[in-house]
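One structure below.
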Amino acid sequence: MAVYPLQYLASLPVALVDMAARNLASRGSLLQDNEQLVAENFRLKTRTLRFEALESENGRLRALLDSSTERGEQSVVADLLAVDSNPAAQQIVIDKGSRDHIYVGQPIADAHGILGQVVQVAPFSSTALLISDARHAMAVQVNRTGLRAIAVGAGRSTELFLSFVPPKADVRVGDLVVSSGLDNRFPAGYPVGVVTGVSLSPGEPFARIAVKPSAQIGSSQEVLLVWPQLRPEPPAGMP
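Residue 176 in the working numbering sits at position 175 of the sequence shown; the count goes up by one each step and never skips.
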């Protein structure tokens, strides 16, 4: 009993050093485990975001295919490769070309409405002119009244104009404008836009009708290439 305190005091530095070493080892192990958990958490979050992106993409693809199936049109989905950086040209490049039987003049759409038409075809890609381009025009009609007109791009993604509409025509804000199919290029009945403004200028022969496109121009990531079921040409001599 008399010697024990001396033995304890003699072994205390060794015990303290051993305890400190164990604590340092445990801290190092915890730090390593923590780094591994942080890295694994980051990977899981990245994977979750990817799953969410895939789910969103699947939703868009289902909407595209459903919009085509409802109308009974033959179609194929294409991905967007590039957007023309020239503000004066509303054009996009897609990943389908002549090897997919894409042709010049072929209509393209998204899940919400007509987007434009193909103007150039290469073996593995195609260039499409959007309906918002100032050079683009298509035959349309007001869904409520059947009034026919020509929808012309305004050079920006948020607006179209209806040309050759008489001043006294029955057109109201909120009217749905759809493709008429009379140009034998775009299938009939696809949404084109919604009337947002009707203005009459004294002395002008036609009303100025502003339309907001139905298609999500500028945000669509996939497009639908449509093979329209065009009306057969009547035999010679028939009306």
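Don't be surprised by glycine CBs; every beta carbon is placed ideally from N, CA and C. Model, not experiment: these values are computed from the prediction.
Output the distance between the C-alpha atoms of residue i and residue j, rounded to the nearest integer angstrom.
i: Pro108; j: Lys169; result: 32 Å
i: Gly156; j: Arg100; result: 31 Å
i: Glu223; j: Val105; result: 19 Å
i: Val94; j: Ala138; result: 19 Å
i: Ala54; j: Gln91; result: Bear in mind that a pLDDT of 47 at Ala54, under 50, signals an unreliable position, so the number given afterwards is only what the model happens to contain. The straight-line gap from Cα to Cα measures roughly 26 Å.
i: Val39; j: Ser30; result: 14 Å
i: Val174; j: Glu36; result: 59 Å
i: Ser220; j: Val179; result: 21 Å
i: Val143; j: Asn42; result: 54 Å
i: Ala129; j: Leu225; result: 12 Å
i: Thr146; j: His113; result: 21 Å
i: Asp171; j: Ile210; result: 11 Å
i: Val77; j: Ile103; result: 10 Å
i: Gly117; j: Ser127; result: 12 Å
i: Thr197; j: Leu177; result: 10 Å
With distances taken from CA atoms, which of the options is nearest residue i?
i: Val227; options: Asn185, Val172 and Phe207; result: Asn185
i: Gln75; options: Leu163, Pro188 and Val119; result: Pro188
i: Ala131; options: Leu161, Val143 and Arg145; result: According to the sequence as given, residue 131 is Leu; it is not Ala. The candidate whose alpha carbon is nearest that of Leu131 is Leu161.
i: Val119; options: His113, Ala140 and Lys97; result: Lys97
i: Phe207; options: Ser181, Val178 and Ser164; result: Ser164
i: Val199; options: Ser220, Gly182, Val166 and Leu225; result: Val166
i: Ala135; options: Gly117, Gln33, Ala129 and Gly154; result: Gly154
i: Val141; options: Asp34, Gln33 and Leu183; result: Leu183
i: Ser158; options: Asp34, Ala79, Ala89 and Asp176; result: Ala89
i: Asp111; options: Ile103, Ser127, Asp80 and His102; result: Asp80
i: Pro229; options: Ala211, Ser181, Asp176 and Asp171; result: Ser181
i: Ile115; options: Asp34, Val77, Arg209 and Ser133; result: Ser133
Going by DSSP, what residue range makes up the beta strand (DSSP E) through residue i?
i: Gly117; result: Ile115 to Val122
i: Thr128; result: Ser127 to Leu131
i: Asp111; result: Taken as a continuous stretch (DSSP letters only), Asp111 belongs to no beta strand (DSSP E), as it is neither H nor E.
i: Val105; result: Unbroken run through Val105: none, as it is neither H nor E.
i: Gln92; result: Gln92 to Ile95
i: Ala283; result: Missing from the structure shown is residue 283; the chain here goes from 2 to 240 and no further.
i: Asp134; result: Counting along the chain, Asp134 falls outside any beta strand (DSSP E), and DSSP gives it neither H nor E.
i: Ala83; result: Gln75 to Val84
Answer with yes or no whether the minimum CB distance from residue i to chain B is below 9 Å.
i: Pro229; result: Among the protein chains of the structure shown there is no chain B, as only one such chain exists.
- Meets three-Cβ-pair contact criterion under 8 Å: the segment 110-128 and the segment 143-151: no
- Query: Pairing CB atoms from the segment 185-203 with CB atoms from the segment 76-94, are three or more of them under 8 Å?
  - Reply: no
- Does the segment 205-221 touch the segment 190-197, meaning 3 or more C-beta pairs lie closer than 8 Å? yes
- Quick one: which unbroken beta strand (DSSP E) runs of 3-plus residues sit fully inside the segment 149-231? Chain order, please. 149-154, 161-164, 177-180, 192-200, 209-214 and 223-228
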